[in-house]
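All remarks here apply to the structure that follows.
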Amino acid sequence: MSSNKKYWKSVEELNTDSSIVEALRQNEFVEEIPTDEFLGNKSTLGTSATTRRDFLKYVGFSTAAVSLAACEGPIIKSIPYVVQPESIIPGVANFYATTIANGYDFASILVRTREGRPINIQNNDLGQTGANARVNASVLGLYDSMRLQAPVKNGNSISWETFDAETNQKLTDLTNSGKEIVLLTQTFASPSASKLISSFKEKYGNVRHVVYDAISVSGALDAYQAKYGERALPNYDFSKAATIVSVGADFLGDWCGGGYDAGYALGRIPKNGKMSRHIQIEANMSLTGANADKRIPATPSQQRMVLAKIHGYITGQSVSADLPAHIEKEVEKVASELRTAGSNGVLVTGFNDVNAQTIVLNINAALGSKAFDTKSPITTRQGSDQAVSSLVMDMNAGKVGAIIMCGVNPLYTLPNANEFAEGLKKTELSIAFSMKADETALATQYIAATPHYLESWGDVELKKGHFALMQPTIRPLFDTRQFEEALLKWTGSDVSYHDFIKETWNNSILGGGSFNQALHDGVFSASSADTMAAIFGENMASNSTATPTETSAGTAFASTTAISGGDAARALVSAPKSDGFELTLYSKVGMGDGKQANNPWLQEFPDPISRVSWDNYLLVSKTDAAKLGIKNWHVADGGLNSSLVELTLNGVSEILPVIIQPGQAVGSIGMAFGYGRSKGLKEEMQTGKNAYKFYEDFKETQSGASIKVVAGEHEFALIQLHNTLMGRNDIIKETTLEIFNTKDKSYWNAVPMVSLNHIETPVTSPEVDLWDEFDRSMGHHFNLAIDLNACTGCGACVVACQAENNVPVVGKKEVRKSRDMYWLRIDRYYSSEETFAGDVEKKENISGLLGDNGSVGVFDEMESAAMNNPQVAFQPIMCQHCNHAPCETVCPVAATSHGRQGQNQMVYNRCVGTRYCANNCPYKVRRFNWFSYNKNDEFDYYMNDDLGRMVLNPDVTVRSRGVMEKCSFCIQKTQKTILDAKLAGREIKDVEFHTACSAACDKGAMVFGDINDKESKVAKLKEDKRMYHLLEYIGTKPNVQYHTIVRNTTEA
Amino acid sequence: MKKSYQSLEDNSTNNMKQVIHRKLAANILQLGFLILLTFSTSLHAQEGDPAKGKTIYNANCAACHKLDAPMTGPALRNVEQRLAEQEGLDRNWLTSWIHNSAGLIKSGDAYANKVYNEWNQMPMTAFPQLSDQDISDILAYTAEEKAAPPVPVASADGAATGGGDSGVSNTLILGALAVLFALLAMALVLVRRTLNRFAEAKGVYVEEKDKGVSIWRAFIQNQFLIFVTVILLLLSSTYYVYGYFMQVGVDQGYEPVQPIHYSHRIHAGDNAIDCKYCHSSARVSKHSGIPSLNVCMNCHKSISEVAPETLAEGKEYGVDYNAEIEKLYAATGWSPAEQKYIGEPQPVKWIRIHNLPDFAYFNHAQHVSVGGIECQTCHGPVQEMEIMYQHSPLTMGWCINCHRETNVKVEDNAYYTKIHEQLSKKYGVEKLTVAQMGGLECGKCHY
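Chains as they are written, first to last, in this note's numbering: chain A, 18 to 1069; chain B, 425 to 871.
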């Protein structure tokens, strides 16, 4: 008998009077489906001549027509040159040495061009500093579709003739009426530009040149100038330091222009049982702090006291400061380590503060530090905070007649942008030299469209006595003119800027050397003392415009006389205390100061520490987050969400998402510059919030901030969802210098054992292998060695790989769905305990499932990183090119197979997209093309317009939808190297083989080569006792080697 | 293609018909020449041999002078006569100009300086090695009358029209035949009907055959036959469908019409220009490269029109080669009259014939320079192609097959020394094929 039980689908059904229930009885849906809305006008549809039958006929016909048309191949036109330039052979790359000098990044680089278009940037081995992620990505800026294509006056395009006539007239009028003309520029550090600016001053008389660095190091410049008489920054060679102490200086990031990481990495590789020891005292977890042997979290005010204390310990002039006991104790140890190290020690700090920087100069001088170099100081930062501040005042007072800006965007980067905007309105002539219609350019009368640096001539003095030349690598794409050309026009000269540079160099730099040779090399170092003096005499004269004393019209600025160390220390300690959070503003290695915010490569580039892409956010410590009720949580689709907070500081407030940052000093918060741009960039790139709003007085540390949780949540695009290693030291092996020096390899880098017939056998022995072994001793066999000690996690390789291999940008939404396409990623792991060793110990001590030491509880705990101060490890991961690759065996169509040269080859045209290989890959390095990322309006980044696609590497296939892709070990590069050798009929030298990542790494952390060449570097590294393979116990026999991290925990 | 063969044949038959006329014309011409020669030689004190003169002229003068049009230097037809009549200059002046024009200019000779200034102050190369006899030979050659429009052209013209006529007559004959057969068939039918009527009228009884089972019915009843037929039908249709799909995207024989009719037959075949003279990047680059127009102008600066015989050949293909050269001049902006570039260059949009898909990497340098493969191996008899077409299928099977069969050229290449030694030991062979060297690996061509 059937029961009469009533089943109900929803509570609503129990309510007998419900109209919904009634409606649902008749209809499937409660509300009528809005078909009308979908169909548009129903009446016209009814009267349409197209009947259903006709419609089907059309569909049928068009389908048939399309499939027929598809059989017909398209006609492909091929258009050769009318007169082929001698240097260009279609299909063969040309290299040019040039220099990037955009005011924030200065580096000597090599540009690879194909058929006349620059496609790739590499390190110039002759240069001093390597190319970072931003420099590698800067080639894309050339093909930016938002670039200005001609000069603009009040929103309308004009010709350069009009521009010349009008501005010349206006400038002359202003000079005659005695009004001041101001040049507000980035740091050029260019001997020729300095010369031009002086002649501009000569011609127009009342001219003031103000140099403005968006992220200022004015304090360091002032301190150095007071002590050494030159407006420059001291140069540090960290390879010469045995003990490195940094107080808030992110010297592996952008500190003082960056470029110190290569020297640092040299000292980090254990040699003869020795390596440098690095102690970092900082608030935010920076790239530098992540690499430190010892990291002491401290708020900015504590850091100031730490500096004063260290100064006291070293010089004996002690100051009293109330530091928390644990920091006090550490500082004492740090100071004694520094003292012991003597000339092998070095101290740096990141404060934009004359006092702090003076102390550092004093201490380094007192130590006689070998790493501290005042002979060739860095000249690529010249900005003066006071000069900028007084300019804003003068503008508002109506004292400025004309302002000509180049390479700066004060309406975005100034905290008091409104005042600047007001002042700008009071000028009679305003011109912005800019590549984009950015925030500032839009507020000026004229925008002079400038070329990209790859289309320009120029010269730079990177360090005193070290010069670099900039040359065009492509004809200007648009009707643009560089600032220096305009200066030449205004001064009535008709020489080209190229000729002007050549003249300057021949007269005062080369000292008889060849200009063409210098242009070929891209760099030139003045060696003889005479030429140095000659250059510097002239150069300093022109640079002196940037010094505060001369730029100010009557206002007295900070005296250039040196402050004594004791005074400085006292001044540091006596800084007024205020309640609330201490904010530290920082720049990310991806976005920098925000100049390249319209660069999709950089927007998608994940932050090395937080692993967040497409965003900036507020960094908060776990303790403070718990106190305030701020949360980060993972949602069902795998994305990370966060609460929103309102940050208020000095009356300015902003609503921000939050990342709870392990290792953030309690009481401190952090925020990155470079985001929150609103003009001159695509909508997709308008990400994050502007941190310059809080950059009061050009101080990157601010106190008295308050945070309030507000309603709403934020969706992050996080690339790595797990934070800790959970004791799985098969992934990252780590040991200390002491153990490394004293114990056997089997103790700290043991080969995993597996059970074979109940006997423990090393996994590398052939008996335990599932596969037949092939003879790999013939021909080339490529290996990539990655030294985790030398890797700082900077990410230059990530962007270099993206540029070389046409890796698409997928956008924030897709990254959030874990559909990023990076072939090479740098994983970052925190330790759950204070050290990774602690993690392992904790894991070993698990007993049982539940209980205090039960696995459930312990693993749960290990998932979260250490609250206060975790250790950090970076690990670049790309396809491991396993000799016994799990992906190859599962492909149903043999689209991935192994080459004799050790490369795991991926054949896109054979792939049918089952994704079995990605599932079976233990390293998770395979990427699936969920969409067609080129010529697709949904992904309007750079592969969607003709201009952006010019950056694509013609030697690498642009993948289509539905296929798998992954790192190829840059097979196009290895094949090219082999072909070059074959054409020349010679053997290949070890240094020739390179992948994009190994070529981009100026730290020597990545070494690529042929292990069958027994003399090669990589073959020797394979025998190194630090070498291990990732997840070796699986027996995949990867061709990527990793080298164990060694930390120098020995306190001297 | 078939059509052009047809017309070729037509041409040849008609030529044979007109042989008598051509010879007649040639005879008349020869006679004319003879008369001319006797006449002209009688004009000059010193006799020159125009045939010899032509050789010397082509070897020494033709680089800068044409007979009837200015080039780098002035046109030279009847130069001696002209000088004598217009300037009153004699053979001696000419000789000293040829032997040392610079000297003559320096000496202050009025006409020498005039010519020098007229021609962009470009001094003529001195030819002191030319003897007086040589000079008189040359002058004899320049004094020849311009040849009348050559006979072959005329005959070709005639042939073309003749060919058209015969085409009409062929159709006529065929049509007439068809009508005839139709009439015959009709007549037969009529005859049969009439005979039947006669028979009927006369009461003759024609016995009708017992028809039996028709062949179709028998076929349908035989199940085995049907089975076999169905199988055969299925197999053959599969074969054809497969064949159809396999040729999708294979453009073997693709022969597009190019914006400028460029004849590889003339350049690579008749003139035997090396392929890599124009396609020079094939030696060092992945692309063979379509030559830029400045490469064409290396020769075509001087070659503004083709020889009459070549022009006649062009008629066979329906091409006026001179007009094609004009197109080249238009594209480069070259003015043959002024002998300089005056126009706006217009790049030529060639239609690409050999199109590999983007996912296949092919490098010319590897095959041409390292492998020493002849261009013709893949591109076919280019030297015979009037219009370039795709000779090979360019399919993967075709590539792979060659890689299996071809030996790597390891001689005198230090790169291969070691690997050749190792691999030849492994495979026990002296010569290694590309496949044994790893040339079948997917990643060698797909990345």
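Don't be surprised by glycine CBs; every beta carbon is placed ideally from N, CA and C.
TODO: Select from the region 694 to 718 of chain B all residues with a C-beta closer than 7 Å to any C-beta belonging to chain A, and list them in chain order.
DONE: Going along the region 694 to 718 of chain B in chain order, one finds S705, V708, S709, K710, H711, G713, I714, P715, S716, L717 and N718 with a Cβ nearer than 7 Å to chain A.
- [ ] For B:K478, I'd like the list of residues in its chain whose CB is within less than 8 Å of its CB, leaving aside the five on either flank, ordered along the chain.
- [x] Spatial neighbours of B:K478 in its own chain (CB-CB distance under 8 Å, excluding positions within 5 residues in sequence) are listed in chain order as Y565.
Open item on the list: Per DSSP, what are the beta-bridge partners of A:R793 in this structure?
Closed with: Paired residues: none, contrary to the question.
- [ ] Check distances from the C-beta atoms of the region 756 to 773 of chain B to those of chain A and list, in chain order, the residues that come in under 9 Å.
- [x] Answer set for the region 756 to 773 of chain B: T756, G757, P769, Q770, P771, V772 and K773.
Task: Alpha-carbon spacing of A:L1047 relative to A:I749, whole angstroms - done: It is roughly 8 Å from the alpha-carbon of A:L1047 to the alpha-carbon of A:I749.
TODO: Using the Cα positions of A:M884 and A:P1055, report the straight-line distance between them to the nearest angstrom.
DONE: One Cα belongs to A:M884, the other to A:P1055, and the distance between them is close to 35 Å.
Task: A:P779 - containing beta strand (DSSP E), residue span - done: Residues I776 to P779.
Open item on the list: Can you pull the chain A neighbours of B:V794, defined as C-beta to C-beta under 9 Å?
Closed with: Here the neighbours are L996, K999, L1000 and G1002.
Task: Stretch pair the region 894 to 910 of chain A + the region 866 to 879 of chain A: three plus CB contacts closer than 8 Å - done: Taking a contact to require three or more Cβ pairs closer than 8 Å, the region 894 to 910 of chain A and the region 866 to 879 of chain A do not qualify as touching.
TODO: Just the C-alpha distance for A:K350 and A:N308, rounded to the nearest angstrom, thanks.
DONE: A direct Cα-to-Cα measurement between A:K350 and A:N308 gives close to 19 Å.
Task: Same chain, Cβ closer than 8 Å to A:V590, neighbours up to 5 away in sequence not counted - done: Here the set comprises R321, M322, A325, V336, S337 and A338.
- [ ] Please report how far the alpha carbon of A:T974 lies from the alpha carbon of B:P781, in whole angstroms.
- [x] Straight-line Cα distance between these residues: approximately 10 Å.
Open item on the list: Can you pull out the residues from the region 913 to 941 of chain A whose beta carbon lies closer than 9 Å to at least one beta carbon of chain B?
Closed with: Those residues of the region 913 to 941 of chain A that come within reach of chain B (Cβ to Cβ, closer than 9 Å) are T913, S914, H915, G916, R917, Q918, Q920, N921, Q922, M923, V924, Y925, N926 and R927.
Task: Any 3 or more C-beta pairs closer than 8 Å across the region 226 to 240 of chain A and the region 595 to 613 of chain A - done: Touching, per the Cβ criterion.
Task: Endpoints, the beta strand (DSSP E) within which A:V637 is located - done: Bounds of the beta strand (DSSP E) holding A:V637 are L635 to V637.
Task: Chain-ordered residues of the region 91 to 112 of chain A with a beta carbon less than 8 Å from chain B - done: Cβ contacts with chain B come from I92, I93, K94, S95, I96, P97, Y98, V99, V100, Q101, I106, P107, G108 and V109.
Open item on the list: Contact between the region 607 to 616 of chain A and the region 677 to 696 of chain A is defined here as three or more beta-carbon pairs at a separation below 8 Å; is this criterion met?
Closed with: Yes, the region 607 to 616 of chain A is in contact with the region 677 to 696 of chain A.
TODO: Measure the Cβ-Cβ separation of A:T521 and A:S209 and say whether it is below 7 Å.
DONE: Closer than 7 Å, so yes.
Open item on the list: Can you check whether the C-beta of A:Q403 is within less than 7 Å of a C-beta belonging to chain D?
Closed with: In summary, chain D is missing from the structure at hand, where the protein chains are A and B.
TODO: Give the secondary structure of A:R927 by DSSP, where H, G and I count as helix, E and B as strand, and everything else as coil.
DONE: DSSP places A:R927 in coil when its eight states are reduced to three.
Open item on the list: I want to verify the contact list: residues of chain B whose CB lies under 9 Å from the CB of A:I1028, in sequence order.
Closed with: Within chain B, no residue comes near A:I1028; the closest Cβ sits about 15 Å away, beyond 9 Å.
TODO: Return the first residue and the last residue of the beta strand (DSSP E) that A:Q139 is part of.
DONE: If you look at A:Q139, you'll find it in the beta strand (DSSP E) that goes R134 to N140.
Task: Presumed contact (8 Å Cβ cut-off) between A:S685 and A:A300, rounded CB distance - done: For A:S685 against A:A300, the beta-carbon gap comes to about 4 Å, under 8 Å, which counts as contact.
Task: Per DSSP, cross-strand counterpart(s) of A:S772 - done: BP columns for A:S772 point to A:E777.
TODO: Let me know the secondary structure DSSP gives A:F715 once reduced to three states.
DONE: Looking at A:F715 - three-state DSSP - the assignment turns out to be helix.
TODO: Have a look at A:P825 and A:V942 and give me their C-alpha separation to the nearest angstrom.
DONE: Spanning the two alpha carbons is a distance of roughly 15 Å.
- [ ] Mind listing the chain B neighbours of A:M795? Cutoff is C-beta to C-beta under 8 Å, in chain order.
- [x] Within chain B, the residues near A:M795 are I843, Q846, L847 and K850.
Open item on the list: Just checking: is the beta-carbon of B:Q790 within a distance shorter than 7 Å of some beta-carbon in chain A?
Closed with: Yes, because at least one Cβ of chain A sits closer than 7 Å to the Cβ of B:Q790.
TODO: Under 7 Å Cβ to Cβ from A:E1068, same chain only, skipping five residues before and after it: list those, please.
DONE: Apart from sequence neighbours up to five positions away, the residues of its chain that approach A:E1068 with a beta-carbon distance below 7 Å are K350 and E354, ordered along the chain.
Open item on the list: Below 6 Å, is the gap between the Cβ of B:E854 and the nearest heavy atom of the ligand GTP?
Closed with: As for the ligand GTP, it is missing from this structure, which has no ligand bound.
- [ ] Consult DSSP for A:K94 and reduce its assignment to one of helix, strand or coil.
- [x] Strand at A:K94.
Open item on the list: Starting from A:H295, trace the beta strand (DSSP E) in both directions and tell me its first and last residue.
Closed with: Its beta strand (DSSP E) spans residues R294 to E299.
Task: C-beta neighbour in chain B for A:A570, strict 7 Å - done: Unreliable positioning characterises A:A570 in this predicted model, as indicated by a pLDDT of 34, which lies under 50. A coordinate reading is not provided.
TODO: Pair every Cβ in the region 249 to 256 of chain A with every Cβ in the region 383 to 396 of chain A, then say whether three or more of these pairs are closer than 8 Å.
DONE: Under the Cβ criterion (8 Å, minimum of three pairs), the region 249 to 256 of chain A counts as touching the region 383 to 396 of chain A.
Open item on the list: I'd like to know if A:T906 contacts chain B, where contact means its C-beta is closer than 7 Å to some C-beta of that chain.
Closed with: In terms of beta-carbon proximity, A:T906 stays away from the interface with chain B, with every pair separated by 7 Å or more.
Task: Sequence-distant residues of its chain with Cβ nearer than 6 Å to B:S793 (five each side left out) - done: So the qualifying residues of the chain are R707.
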